[in-house]
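Residue numbers (the numbering used here): 9 to 294.
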């Protein structure tokens with residue numbers, strides 16, 4: 009049974025499966041899980057690792073399924089490293105890993121931890137070709153996964169909900185949805201040709217641009233407001249300002265460059281937020 013389309017043997021097969029690990033899109037959900045754990049104030053390495061592995065398995069599922077749909081069903085991609093059998097095996101393996109992690113969280117934490125984790129796989133598996141055909145679900149799928157990762161990462165540590173992780177989840181949902189709208193605009197002509205209804209296709213590129221930056225501005229304003237009322241640490245405002253600078257530059261760039269800038273800006277945003285949360289107790293002691 010051939011699993012790799014290019015080459016044979018263990019090395020070629022390993023490279024084919026490894027090609028489905030896309031760090032740019034995979035690191036944020038993993039970092040979001042750890043960020044949620046940092047927000048909890050306590051850190052249990054075992055359950056944190058299980059939740060991160062579950063997020064990895066969910067995103068890997070999304071990448072394999074997307075690649076399978078885009079190459080074998082839609083003919084959108086010019087090439088794919090895995091055969092159809094390889095794609096199916098990859099989906100079985102990632103789903104098995106996800107289920108194992110979820111069951112372990114159910115046993116070690118509770119059913120809520122497992123229930124918060126499950127939707128991330130559902131979003132990943134059904135993103136293509138179901139959810140990505142509607143402008144709302146095509147836009148919010150990945151950001152919603154990030155939001156759930158923050159909440160789940162917090163819950164498996166604290167075994168409770170709180171205003172801070174819920175607030176950050178809402179912020180990431182809005183901010184990343186805005187970035188996703190810009191990203192989808194890069195494929196406007198092709199998406200329109202196959203009747204794939206992204207926001208850009210549904211309302212036009214110019215209005216989509218306004219929607220995207222409107223969502224990002226709203227997210228940053230929420231950060232400032234929640235920091236002002238004491239829900240977020242004061243340092244969160246620095247994260248909002250840092251991202252605002254990146255967004256201002258991206259606003260004048262073409263869609264592909266804007267997407268690259270905004271994705272990297274979101275990394276800076278998350279890094280500053282982690283620092284703000286992590287060092288807040290030290291600042292109070294000082």
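Cβ atoms here follow ideal geometry from the backbone N, Cα and C, with glycine treated the same way.
What you are looking at is a predicted structure, and each value in this text was computed from that prediction instead of being measured.
Rounded to the nearest angstrom, the gap between the Cα atoms of residue 16 and residue 25 is 13 angstroms.
A direct Cα-to-Cα measurement between residue 93 and residue 236 gives close to 54 angstroms. Here residue 122 has 110, 111, 113 and 114 as same chain residues with Cβ atoms under 8 angstroms from its own Cβ, once five neighbours each way along the sequence are excluded.
Buried is the label assigned to residue 271, since at least 16 other Cβ atoms lie within 10 Å of its Cβ.
Take residue 277, set aside five residues on each side of it, and the residues of its chain with a beta-carbon closer than 6 angstroms to its own are 247 and 251, in chain order. Every alpha helix (DSSP H) stretch that sits fully inside the region 224-259 and reaches 4 residues is listed by chain position as 244-258. Here DSSP, grouped into helix, strand and coil, assigns residue 116 to helix.
Straight-line spacing of the CA atoms in residue 64 and residue 98 works out to 13 angstroms. Residue burial annotation: residue 138 is exposed, with fewer than 16 other C-beta atoms found within 10 angstroms of its C-beta. Using a Cβ distance threshold of 7 angstroms, residue 158 and residue 176 count as a contacting pair. With contacts defined by Cβ atoms closer than 7 angstroms, residue 207 and residue 225 do not form a contacting pair. Cβ contact annotation for residue 133 (same chain, cutoff 7 angstroms, sequence separation greater than five): 69 and 73, in chain order. In the displayed model, residue 281 falls within a helix according to three-state DSSP.
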